[in-house]
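Once you know that position 132 of the sequence shown is 132 in full-length UniProt numbering, the rest is easy, because the numbers rise by one and skip nothing. Note that the Cβ used here is the ideal one computed from N, Cα and C, for glycine as well. Comments concern the structure below.
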Amino acid sequence: MESPSDAGDSLFESLSKQLNKEKVDARAIELEERVLAQNARAQQRLRELIGSNTTLPVTINKILLVGGGNTRHSFLDRLFNPLLSVNRDLPYTFGEALHEIGSVATKLERFGIFKEPVSTFIDRPSPTDPNTTVTDIDVFLRAEERGRFSAKTGTDVGNTEGSAYAEVQLRNIFGGAESLNFNASAGTRTRSSYHAIFETPVLSDPDKWVSIDALASSTQKPWASHEEGLTGGGIKYSWTTKSGTRHQLGYTGVWRQVTGLGEKASPTVRHDAGDSVKSSITYTCLEDRLNHPLLPSRGYLIKTITEVAGWGPLKGDVAFLKSEIETTGALPIHIPGIKGDSGVSLTAGLRGGFLLPLGLGFNGPVKHSRINDRFILGGPTDVRGFKIGGLGPHDGGDSVGGDVFAAASANLLMPLPRVGKDSPLRLQVFANAGRLLPLQDPKGKGRAGEENSLRELSSSVRRLGDALPSTAVGLGLVYAHPVARFELNFSLPVVVRRGEESRKGLQFGVGINFL
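Dropping the structure here:
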């Protein structure tokens, strides 16, 4: 049994330890504050030193990358040689040299083979070196290479699909920022998918890339009672302008199969069943000025995609011109009584496109468009309040797609009470609408096979506005995860055209590109 004196000693020791712990914590906080203050003063002195010497003439004697053992010299030479003063016609000022060195460090980070940040150090050459001058400086870039091999597996759930996937990536394969990515997945809708992409920068420029890819997949299309198999590949050249606009020009050759028809497959689906070969050139232009890719509150985005298939030397057994445009704009909403950003924003989007079969005057007889190539509209990521493929032409229970479409959406995003504007969670109120029309009837009997196909396209575009579009309103929750955007909405269809499939009630969507 513990004596009173023992209990007192135990209490005294406990209080003593508590007091000692408080002292240690207080000293640790004081030490941390001193270190932060010293760092702040050092940075201030460095800024003053640089500011007072920005106009001093300097010459860059050499540049050395520390930590890039797997990166080949020829790749780095294209980055570093233009900076060396011996290769320049004009001398540097100290400020100009710092700017150019910072640009090179940023380029190294953008290749994706080094961990961020890439640190920069500047030093004077050895005074005993007879080949240097008093204005010479040596530049050292310290970087840590990322692992050359990575692999991960996981599962995805969303948009009525569940899947398992595996990804393997090889980085910096030949020492020039080349990469090989292999993805394999299997799921409820995507039966199987295998995709390999090899990418390499052009002339050590992070703004210019060439990629070669190969694809084999089988995907169920439940809205049209069939499966689509794809086997093919392509090559693409991507570049970014100084203004930040991204471009991509690519060629794709793919063998498509419409197979696995359902028992109740419509005549339209059965008509397009079988094999087809698409040989096409695609040009994509993207100007993205949004301040956040998944939850923007200001800025705009403009994206266009133009594809030409089967024209001239492209061959293949489908020939068409297909074009799409997408625009998005976001504005912050000021709330009286709230200083600064309220977290409330209005986002509006507009999409449109057309598919024109090529023929007379282009590449021989006109062929009707195939179900593989037509637009599909409706679902939780574009026109909410409708089933996937719920808008546009239907044949029986199948959505067979259309050749001309337009869709628009307005979304008011607000922070949840007690959550705050810095949270990636938002309350959403939305209204969206869209129309999808064919150039010919769904069975392919039609007017687009005549010489006036261009006239039919013009007529279909005019028909987009001759009646109210299919419309839905609703509210829900939006969560911007770093990988994708999640939405859980309650939708109320307001205007539903005959034959279309709406969806009243809860609707869940996952994606990175929402209307």
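TODO: With a threshold of 7 angstroms, establish whether the CB of V118 neighbours any heavy atom of the ligand ATP.
DONE: Absent from the structure shown: the ligand ATP. Ligands present: none.
TODO: Taking 8 angstroms as the threshold, find out whether the region 248-261 comes into contact with the region 287-299 through three or more Cβ pairs.
DONE: no
TODO: Taking the CB atoms as reference points, tell me whether F375 and G353 lie closer together than 8 angstroms.
DONE: Position 375 of the sequence shown, counted from the start, is the residue given in the question as residue 375. Position 353 of the sequence shown, counted from the start, is the residue given in the question as residue 353. In contact: F375 and G353 (Cβ atoms closer than 8 angstroms).
Task: Closest residue to I60 among N87, S369 and R27 (Cα-Cα distance) - done: Counting from 1 along the sequence shown, the entry for residue 60 is found at position 60. Of N87, S369 and R27, the residue nearest in Cα terms is N87.
Task: CB contact flag (G233, G253, <8 angstroms) - done: For the purposes of this step, residue 233 is taken as the residue at position 233 of the sequence shown. For the purposes of this step, residue 253 is taken as the residue at position 253 of the sequence shown. Closer than 8 angstroms, so yes.
Open item on the list: Rounded to whole angstroms, what is the Cα-Cα separation between R462 and F514?
Closed with: Position 462 of the sequence shown, counted from the first residue, corresponds to residue 462. Position 514 of the sequence shown, counted from the first residue, corresponds to residue 514. When rounded, the distance between both Cα atoms is 26 angstroms.
- [ ] Under 7 angstroms Cβ to Cβ from L321, same chain only, skipping five residues before and after it: list those, please.
- [x] In the sequence shown, the residue the question calls residue 321 occupies position 321. Excluding positions up to five away in sequence, the list reads V308, L356 and L358.
TODO: Count the other C-beta atoms from every protein chain shown that fall within 10 angstroms of the C-beta of T106, then say buried if there are 16 or more, exposed otherwise.
DONE: Here residue 106 refers to the residue found at position 106 of the sequence shown. With fewer than 16 other Cβ atoms within 10 Å, it is exposed.
- [ ] Note down, one range per segment and in chain order, each beta strand (DSSP E) of at least 3 residues found wholly within the region 278-348.
- [x] 299-309 and 320-332
Open item on the list: Please classify residue 595 as buried or exposed, where buried requires at least 16 neighbouring CB atoms within 10 angstroms.
Closed with: Beyond the ends of the chain as shown, which are 1 and 515, falls residue 595; an answer cannot be given.
Task: N-terminal and C-terminal residue of the beta strand (DSSP E) that G229 is part of - done: The residue given as residue 229 occupies position 229 in the sequence shown. Its beta strand (DSSP E) spans residues H226 to T240.
- [ ] Check each candidate in S204, G349 and H334 and name the one with the smallest Cα separation from L79.
- [x] Position 79 of the sequence shown, counting from 1, holds the residue named residue 79. The residue with the shortest Cα to Cα distance from L79 is S204.
Open item on the list: Just verifying my parser: in three-state terms, what is the DSSP assignment at D275?
Closed with: As a first step, residue 275 is located in the sequence shown; it is residue number 275 there, counting from the start. The answer is strand: DSSP assigns D275 an E or B state.
- [ ] Jot down the residue ranges of each uninterrupted beta strand (DSSP E) in the region 109-178, minimum 3 residues, whole runs only, in chain order.
- [x] 119-123, 136-142, 149-158 and 161-171
Open item on the list: On the CB-based measure, 16 or more other CB atoms within 10 Å of its CB, does E263 come out buried or exposed?
Closed with: By 1-based counting over the sequence shown, the position of residue 263 is 263. Counting Cβ neighbours within 10 Å, E263 comes out exposed, since fewer than 16 surround it.
TODO: Tell me, please, whether the CB atom of L437 is closer than 8 angstroms to any CB atom in chain C?
DONE: Structure shown: chain C not included; a single protein chain is present.
Open item on the list: Measuring only the C-alpha atoms, how far is G244 from I302?
Closed with: If you number the sequence shown from 1, residue 244 lands on position 244. If you number the sequence shown from 1, residue 302 lands on position 302. Distance between the alpha carbons of G244 and I302 is about 12 angstroms.
Open item on the list: Buried or exposed for P296, going by 16 or more other Cβ atoms inside 10 Å?
Closed with: By 1-based counting over the sequence shown, the position of residue 296 is 296. With 16 or more Cβ atoms within 10 Å of its Cβ, P296 is classed as buried.
- [ ] Report all residues from its chain with a CB closer than 8 angstroms to the CB of residue 521; omit the five preceding and five following residues, and keep chain order.
- [x] In the structure as shown, the chain starts at 1 and stops at 515, and residue 521 therefore has no counterpart that could be examined.
Open item on the list: Run through the DSSP bridge pairs and tell me what F198 is partnered with.
Closed with: Stepping through the sequence shown from its first residue, residue 198 is reached at position 198. DSSP, once it has assigned bridges, lists L180 and I212 as partnering F198.
TODO: Return the bridge partner residues of T190 from the DSSP annotation.
DONE: Here the question's residue 190 lines up with position 190 in the sequence shown. Looking at the DSSP assignment, T190 forms a beta bridge with T219.
TODO: Helix, strand or coil for H99, going by three-state DSSP, please let me know.
DONE: The sequence position of residue 99 within the sequence shown is 99, counting from 1. Note: H99 maps to helix in three-state DSSP.
- [ ] Using 10 angstroms around the beta-carbon of G361, count the other beta-carbons present and answer buried if the total reaches 16, otherwise exposed.
- [x] Here residue 361 refers to the residue found at position 361 of the sequence shown. For G361, the predicted model reports a pLDDT of 39, less than 50, meaning its position is unreliable; a value from the coordinates is still stated below. It counts as exposed.
- [ ] Let me know if R498 comes out buried or exposed under the rule of 16 or more other beta-carbons within 10 Å of its beta-carbon.
- [x] Position 498 of the sequence shown holds residue 498. Exposed, since its Cβ has fewer than 16 Cβ neighbours within 10 Å.
- [ ] Using three-state DSSP, classify D25 as helix, strand or coil.
- [x] Locating residue 25 in the sequence shown gives position 25, where the first residue counts as 1. In this structure, D25 counts as helix in the three-state DSSP scheme.
TODO: For W223, I'd like the list of residues in its chain whose CB is within less than 6 angstroms of its CB, leaving aside the five on either flank, ordered along the chain.
DONE: Here the question's residue 223 lines up with position 223 in the sequence shown. Excluding sequence neighbours, W223 sits near I388, G389 and S399.
TODO: Just tell me which of P482, E487, D466 and H481 has its CA closest to the CA of G474.
DONE: For the purposes of this step, residue 474 is taken as the residue at position 474 of the sequence shown. Comparing Cα-Cα distances from G474 to each of P482, E487, D466 and H481, the minimum goes to E487.
Task: DSSP beta-bridge partners of L56 - done: Here residue 56 is taken as the residue at index 56 of the sequence shown, counted from 1. For L56, which the question treats as bridged, DSSP gives no partner whatsoever.
- [ ] Compute the Euclidean distance between the alpha carbons of L468 and V495, then round it to the nearest angstrom.
- [x] Numbered from 1 along the sequence shown, position 468 holds the residue referred to as residue 468. Numbered from 1 along the sequence shown, position 495 holds the residue referred to as residue 495. For L468 and V495, the distance between alpha carbons rounds to 8 angstroms.
Open item on the list: Which same chain residues end up closer than 7 angstroms to D441 when comparing Cβ atoms and leaving out the 5 residues on each side of it in sequence?
Closed with: Here residue 441 refers to the residue found at position 441 of the sequence shown. Reliability fails at D441, whose pLDDT of 44 lies under 50, so the model's placement of it is uncertain and no value is given.
Open item on the list: Tell me which residues share the same chain as S119 and place their Cβ nearer than 6 angstroms to its Cβ, disregarding the 5 neighbours each side in the sequence.
Closed with: Locating residue 119 in the sequence shown gives position 119, counting from the first residue. Cβ neighbours of S119 beyond the five flanking positions: R142.
Task: Ranges of the beta strand (DSSP E) found wholly within the region 385-430, counting only runs of at least 3 - done: 404-415
Task: Residues bridged to E487 (per DSSP) - done: In the sequence shown, counting from the first residue as 1, residue 487 sits at position 487. Paired residue(s): V478 and G509.
Open item on the list: For R78, report the span of its beta strand (DSSP E) as first-last.
Closed with: Position 78 of the sequence shown, counting from 1, holds the residue named residue 78. It is not in any beta strand (DSSP E) - R78 instead sits in the alpha helix (DSSP H) that spans H73 to F80.
Open item on the list: Less than 6 angstroms between C-beta atoms, sequence neighbours within five positions excluded: which residues of the same chain meet that for E501?
Closed with: For the purposes of this step, residue 501 is identified with residue 501 of the sequence shown, where counting begins at 1. These residues qualify, in order along the chain: K387 and G390.
- [ ] Can you grab the Cα-Cα spacing for the pair T190 / V318, in whole Å?
- [x] For the purposes of this step, residue 190 is taken as the residue at position 190 of the sequence shown. For the purposes of this step, residue 318 is taken as the residue at position 318 of the sequence shown. So the two alpha carbons sit approximately 24 angstroms from each other.
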